[in-house]
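Presented below is the structure to which this report refers.
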Amino acid sequence: MIRIIAILVGLGFAAVALISFGFGAYTAATEEVAPHLPYEEPMDIDYSFDGPLGTWDIAQLQRGYKVYKEVCSACHGLKFVAMRNLSDLGYSEAQVKAEAATWQVPGIDPNTGEATMRPGVPTDYFPSPYPNAVAAAAANNNAIPPDLSLMTKARNNGTNYVASLLVGYQEPSAEFLAEFPEAAPGPGLYHNVYFPNRNLAMAPPLMNAGQVTYDDGTEATLPQMSQDVAAFLTWTAEPTLVKRKQTGWPVLIFLLFATVLAYLSKNQIWSALKPKQHRD
Amino acid sequence: MSFPWARQYEPKTGLTKFLDEKLPLPRFVYNAVGAGYPVPRNLNYMWNFGVLAGFFLVFQIVTGVVLAMHYAANAEVAFATTEHIMRDVNWGWLMRYAHANGASFFFIVVYIHIFRGFFYSSYKAPREMIWLLGVVIFLLMMATAFMGYVLPWGQMSFWGAKVITGLFGAIPLVGEPIQIWLLGGYAPDNAALNRFFSLHFLLPFVILGVVILHIWALHIPGSSNPTGVEVKQESDTVPFHPYYTAKDGFGLGIALLALFIMVFFLPNALGHADNYIEANPLSTPAHIVPEWYFYPFYAILRAFTMDFILPAKLWGVLAMFSAILMWFFLPWLDRSPVRSGHYRPLFRKFFWFGLIPTMAALFYLGGAPAEEPYVMLSQIFTAYYFLHFLVIIPIVSQIERPEPLPYSITEAVLGSDKKAVLGENTEPAV
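Protein chains in written order, with the working numbering: chain A, 47 to 326; chain B, 32 to 461.
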């Protein structure tokens, strides 16, 4: 009895699934589906922190920090990163203090209790450039500039995506627009080949070479600046990335050793059960 | 219960004698997973996964309790405390990555454990109760994992919670009130986050309780084995310790190597980038998908796209829940007297060329976007999934002619021409 019920239920679900299939197949065969608006996959760029043995390129992180400070920070915050974390970038305690003081953070006037701005200290977090989301939206054509702390983890292939997006602005060709009219930039939007709908609210932040003057004398080309800031944002997204990889090796070597020992002891224990052959 | 030749616990020291008299815990352990539990001698590596599942349950509880010390279940700060764990808590990043990837590994080993059960028909008499409790554990795991994924309060957390609780809205009449009751509101917010955290902390201990019942039920008939022939004599078995403790130790080493390769070098490979964006009720992600271990059932849910007597959404919800609940009936659907797929030619073909490719396809399709050809493919595989368990298994078990079984486990291991040297010779070499 239970099997008869089961067979009926099974046939029922299968039939409804197949009816849905038939209907979908009919629709697929008779109706034309508009092709997806194509966009470019991010460029494949080599970074020092790639791969299981990767380490930070401290000079690159410092350059990327400078690009963030002089360009990105006009619109984007880094709310999960504290000034004290800058010591990871090779700065001394005094340098971190001095660097923190160059940022203005919200504070309270000790005499009047009124809201005011004061120079940052190492325990402060990087400030958001806007007092609140409404102000951010009002200043940016209703598109709120996202916080960048986690940006490279919040996008697939994030480091390459950020570096590519910053150099991906270009006018769409006439043929492309003829094929995909929806790709035409709307008001206040900018065409970017790496952005999923190709219409990005962010104006090109890096316009020309030399926009940032690097302290280490590296030539500030457009790709150089975009890759440096992408590397910096990889660090902000996961400051423990290199420590994680470096911790992994001793753990895996220990486990490999332990597993080999476990295998050998298993073999020795089980050898008692092997049938005794060639005995007679 | 145990076999008459099971070794007896003999306390030797003063302390163990004292304990054995007052609280015989060492005796209990000895009989449960020690030398007092005789186990078939022919178990292959597929039998490692029960112990591994138990290990990962404990692993999740330990890492989870540490994470709970630093996490705050409040929609205002949940995302920030998760980042606090990643950045400021000593080794917090390791705990969180171990817990997130540990969940994936828990599901990997449990899926293998379940499919071992399918192939060797481990659900058949006299082990029906073990199977039923196992399905209960799997359902509890799914609920726990779903609620755990909501806690970081990222975009996928929020929208996943919204979609999954929205399924209850498909129930006629009472659906919407149930959904509001579950969430404590019209959409996931602080009330939902708080109760999910509370239940996410509670349910693993419920799972632990059911696991104890699962193992208790296992010890009544004893472990099954790859031939499916029941234990007949002492030479068919070896003591669990040291034979299977040693084998499980090796299996655990392999599992930990795989886990920690993921934790240290690919910690986010099994997650979704969208969950590093803080939950935003006003911005819907382009593709809402659950965690990978729910993909087959998510594919089944989305396969029902047509209103046919019932609304399409209700068909999807019914099918998704039935896809697991029907496992409860498996012991009574499969009437073949032979257990092991090794001796069932027709059943074996349907398993390897039907069920396994279907599950692989549904795993892939559940994560694919809801567009053609993925939806059409998931409809075909969904149909096969239901036919396999509810139609093919009952019919095959009636019409199939099984291959001859070995007389005993000993014969299967040593061959019928060799003398069974065991019985007096199970002392390990060390």
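The C-beta atom is built at its ideal place from N, Cα and C for all residues, glycine as well. Nothing here was measured: the structure is a model prediction, and the numbers come from that model.
Min CB distance residue i to chain A below 7 angstroms
i: residue 154 of chain B; result: no
i: residue 323 of chain B; result: no
i: residue 262 of chain B; result: no
i: residue 53 of chain B; result: no
i: residue 342 of chain B; result: no
i: residue 337 of chain B; result: yes
i: residue 362 of chain B; result: no
i: residue 148 of chain B; result: no
i: residue 36 of chain B; result: no
i: residue 96 of chain B; result: no
i: residue 278 of chain B; result: yes
i: residue 454 of chain B; result: Here residue 454 of chain B scores only 44 on pLDDT, less than 50, and its place in the model is too uncertain to base an answer on.
i: residue 293 of chain B; result: no
Residues of its chain near residue i, where Cβ-Cβ distance is below 6 angstroms and the 5 sequence neighbours each way are ignored
i: residue 241 of chain A; result: none
i: residue 159 of chain B; result: 362
i: residue 113 of chain B; result: 183
i: residue 24 of chain B; result: Outside the shown range of chain B (32 to 461) lies residue 24 of chain B, about which nothing can therefore be said.
i: residue 330 of chain B; result: 393, 396, 397 and 409
Chain B within 7 angstroms of residue i, Cβ atoms only
i: residue 5 of chain A; result: This structure leaves residue 5 of chain A out entirely; chain A is present only between 47 and 326.
i: residue 320 of chain A; result: no
i: residue 112 of chain A; result: no
i: residue 65 of chain A; result: yes
i: residue 325 of chain A; result: Confidence at residue 325 of chain A is low in this model, with a pLDDT of 48, below 50, so the placement of that residue should be treated as unreliable; the coordinate-derived value is given next. Residue 325 of chain A does not count as touching chain B.
i: residue 166 of chain A; result: no
i: residue 246 of chain A; result: no
i: residue 140 of chain A; result: no
i: residue 202 of chain A; result: yes
i: residue 309 of chain A; result: yes
i: residue 48 of chain A; result: yes
The alpha helix (DSSP H) enclosing residue i, as first and last residue numbers
i: residue 304 of chain B; result: Run containing residue 304 of chain B: none; DSSP gives neither H nor E here.
i: residue 327 of chain B; result: 326-334
i: residue 288 of chain A; result: 287-316
i: residue 120 of chain B; result: Per DSSP, residue 120 of chain B belongs to no alpha helix (DSSP H) and is neither H nor E.
i: residue 282 of chain A; result: 268-283
i: residue 241 of chain B; result: 221-250
i: residue 260 of chain B; result: Per DSSP, residue 260 of chain B belongs to no alpha helix (DSSP H) and is neither H nor E.
i: residue 178 of chain B; result: 159-181
i: residue 296 of chain B; result: 276-296
Separation of residue j from residue i, as counted between CA atoms
i: residue 66 of chain A; j: residue 410 of chain B; result: 7 angstroms
i: residue 119 of chain A; j: residue 129 of chain A; result: 14 angstroms
i: residue 180 of chain A; j: residue 121 of chain A; result: 13 angstroms
i: residue 253 of chain B; j: residue 54 of chain B; result: 25 angstroms
i: residue 249 of chain A; j: residue 400 of chain B; result: 30 angstroms
i: residue 126 of chain A; j: residue 111 of chain B; result: 8 angstroms
i: residue 238 of chain A; j: residue 214 of chain A; result: 5 angstroms
i: residue 102 of chain B; j: residue 109 of chain B; result: 7 angstroms
i: residue 433 of chain B; j: residue 152 of chain B; result: 14 angstroms
i: residue 242 of chain B; j: residue 79 of chain B; result: 16 angstroms
i: residue 307 of chain A; j: residue 300 of chain A; result: 11 angstroms
i: residue 285 of chain B; j: residue 305 of chain A; result: 7 angstroms
i: residue 263 of chain B; j: residue 237 of chain B; result: 36 angstroms
i: residue 47 of chain A; j: residue 57 of chain A; result: 15 angstroms
i: residue 415 of chain B; j: residue 52 of chain A; result: 14 angstroms
i: residue 166 of chain A; j: residue 144 of chain A; result: 9 angstroms
Own chain, CB closer than 7 angstroms to residue i, minus 5 neighbours either side, in chain order
i: residue 198 of chain B; result: 348
i: residue 357 of chain B; result: 420 and 421
i: residue 207 of chain B; result: 200
i: residue 460 of chain B; result: With a pLDDT of only 49 at residue 460 of chain B, under 50, the local geometry of the prediction cannot be trusted, and no value is derived from it.
Residue span of the beta strand (DSSP E) that contains residue i, given as start and end
i: residue 162 of chain A; result: 161-165
i: residue 154 of chain A; result: 150-154
i: residue 76 of chain A; result: From DSSP, residue 76 of chain A is part of no beta strand (DSSP E) but of the alpha helix (DSSP H) over 48-76.
i: residue 194 of chain B; result: No beta strand (DSSP E) contains residue 194 of chain B, which is instead part of the alpha helix (DSSP H) from 186-199.
i: residue 205 of chain B; result: Per DSSP, residue 205 of chain B belongs to no beta strand (DSSP E) and is neither H nor E.
i: residue 142 of chain A; result: Segment 139-147 is the alpha helix (DSSP H) holding residue 142 of chain A; no beta strand (DSSP E) there.
i: residue 268 of chain B; result: 268-270
Neighbour list for residue i in chain E, Cβ cutoff strictly below 9 angstroms
i: residue 403 of chain B; result: As a matter of chain content, chain E is missing from the structure shown, whose protein chains are A and B.
Cβ shell of residue i (< 8 angstroms), same chain only, five flanking positions each side left out
i: residue 208 of chain A; result: 197, 198, 201, 272, 275, 276 and 279
i: residue 56 of chain B; result: 50
i: residue 156 of chain B; result: 362
i: residue 124 of chain A; result: 114, 171, 172, 193, 194, 195 and 282
In chain order, what are the residue ranges of uninterrupted alpha helix (DSSP H) at least 4 long that sit wholly in the stretch 104-133 of chain A? Taken in chain order, the whole alpha helix (DSSP H) runs of length 4 or more contained in the stretch 104-133 of chain A are 104-116.
Just to confirm the assignment: which complete alpha helix (DSSP H) runs, minimum length 4, are found wholly within the stretch 357-428 of chain B? If we require 4 residues or more, the alpha helix (DSSP H) runs fully inside the stretch 357-428 of chain B come out as 361-364, 376-381, 387-398 and 405-418.
Secondary structure, alpha helix (DSSP H): runs of 4+ residues fully inside the stretch 49-121 of chain B: The stretch 49-121 of chain B contains these whole alpha helix (DSSP H) runs: 56-64, 80-99 and 109-118.
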